[in-house]
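Note that numbering that gives the first Met the number 0 has the sequence shown beginning at 0, numbered continuously upward. Structure first, then comments.
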Amino acid sequence: MMKWSCSVPGLKLKIAGKSLPTEKFAIRKSRRYLSPKPISLPIPALEMMYIWNGYAVIGKQPELTDGILGIITKAEEMLKKGPENEYSVDDECLVKLLKGLCLKYLGRVQEAEENFRSISFNEKKIKYDHYLIPNALLELALLFMEQGRNEEAVKLLETAKQNYKNYSMESRTHFRIQAAILQAKSSLENGNRSMVSPVSL
Numbered sequence: 000m001m002k003w004s005c006s007v008p009g010l011k012l013k014i015a016g017k018s019l020p021t022e023k024f025a026i027r028k029s030r031r032y033l034s035p036k037p038i039s040l041p042i043p044a045l046e047m048m049y050i051w052n053g054y055a056v057i058g059k060q061p062e063l064t065d066g067i068l069g070i071i072t073k074a075e076e077m078l079k080k081g082p083e084n085e086y087s088v089d090d091e092c093l094v095k096l097l098k099g100l101c102l103k104y105l106g107r108v109q110e111a112e113e114n115f116r117s118i119s120f121n122e123k124k125i126k127y128d129h130y131l132i133p134n135a136l137l138e139l140a141l142l143f144m145e146q147g148r149n150e151e152a153v154k155l156l157e158t159a160k161q162n163y164k165n166y167s168m169e170s171r172t173h174f175r176i177q178a179a180i181l182q183a184k185s186s187l188e189n190g191n192r193s194m195v196s197p198v199s200l
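Below, the structure is given as structure tokens:
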């Protein structure tokens, strides 16, 4: 894993003179392996799966989702047992985000909400993965929309949109936020309970 990760920066391609956002994200994450004392990423494949919106697809299959939750839970336990380092809070918050998604798709709504909220509680402690904060707000808002809590959802979405800038995969997150805002406001205007499409959002 370390050998492959170290080679990532050299694989960057440019299209029309610009690097792809997902490549920039992967390169930034791989830098952890280039330091004199490299620290492994906790669940890199599952993190990239989130970037590609894979949980919305896997979430339709409870057995697969439960299996992934098991992997995430083991990673969480390893982080708790391991020595603290400069990435500890970031890694713990990443695990909370992905764990919250799995719990949501398994119908464990309260637990999912607790995991998403814990990321905001640790906002000031996050050093590198600032993308986690607006994405946690987005996922919590989508959870609220599924429960018909559209007013609360809009507030969270507006906070995620207005208060956070210059983080990894920002354009992708903004697209999802804007789509969710339009859907939540439409539901409020029509007096309907929102039916969120996880694949589109």
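Think of the CB as a built atom: it goes at the ideal place given N, C-alpha and C, for glycine as much as any other residue.
{"Asked": "Continuous alpha helix (DSSP H) assignments of at least 4 residues falling wholly in the stretch 60–96", "Found": "61–80"}
{"Asked": "Three-state secondary structure (DSSP) of residue 281", "Found": "Shown here, the chain extends from 0 to 200; a query on residue 281 therefore has no answer."}
{"Asked": "Simplified DSSP state of residue 186, which is helix, strand or coil", "Found": "helix"}
{"Asked": "CB contact below 9 angstroms: residue 81 versus chain B", "Found": "In the structure shown, chain B cannot be found, because there is only a single protein chain."}
{"Asked": "Cβ contact (3+ pairs, closer than 8 angstroms) linking the stretch 165–174 and the stretch 144–151", "Found": "no"}
{"Asked": "Status (buried if at least 16 other CB within 10 Å, exposed otherwise) for residue 69", "Found": "exposed"}
{"Asked": "Nearest neighbour of residue 121, chosen from 109, 86 and 19 [CA to CA]", "Found": "86"}
{"Asked": "Burial state of residue 99, where buried means 16 or more other Cβ atoms lie within 10 Å", "Found": "buried"}
{"Asked": "Nearest to residue 90 (by Cα), restricted to the options 117, 145 and 22", "Found": "117"}
{"Asked": "Backbone secondary structure at residue 37 - three-state DSSP", "Found": "coil"}
{"Asked": "Sub-9 angstroms separation of residue 113 and residue 94 beta-carbons", "Found": "no"}
{"Asked": "DSSP-derived helix/strand/coil call for residue 58", "Found": "coil"}
{"Asked": "Residue environment, residue 143, which counts as buried when at least 16 other CB atoms sit within 10 Å", "Found": "buried"}
{"Asked": "For residue 163, the three-state DSSP class (helix, strand or coil)", "Found": "coil"}
{"Asked": "Beta-carbon gap between residue 97 and residue 125 smaller than 9 angstroms", "Found": "no"}
{"Asked": "Of the residues 127, 45, 138 and 175, the one placed nearest residue 72, counting alpha carbons only", "Found": "45"}
{"Asked": "For residue 190 and residue 29, the rounded distance between their alpha carbons", "Found": "47 angstroms"}
{"Asked": "8 angstroms Cβ shell around residue 172 - same chain, five flanking residues per side excluded", "Found": "130, 133, 134, 137, 159 and 166"}
{"Asked": "With 16 other Cβ atoms within 10 Å as the buried cut-off, status of residue 128", "Found": "buried"}
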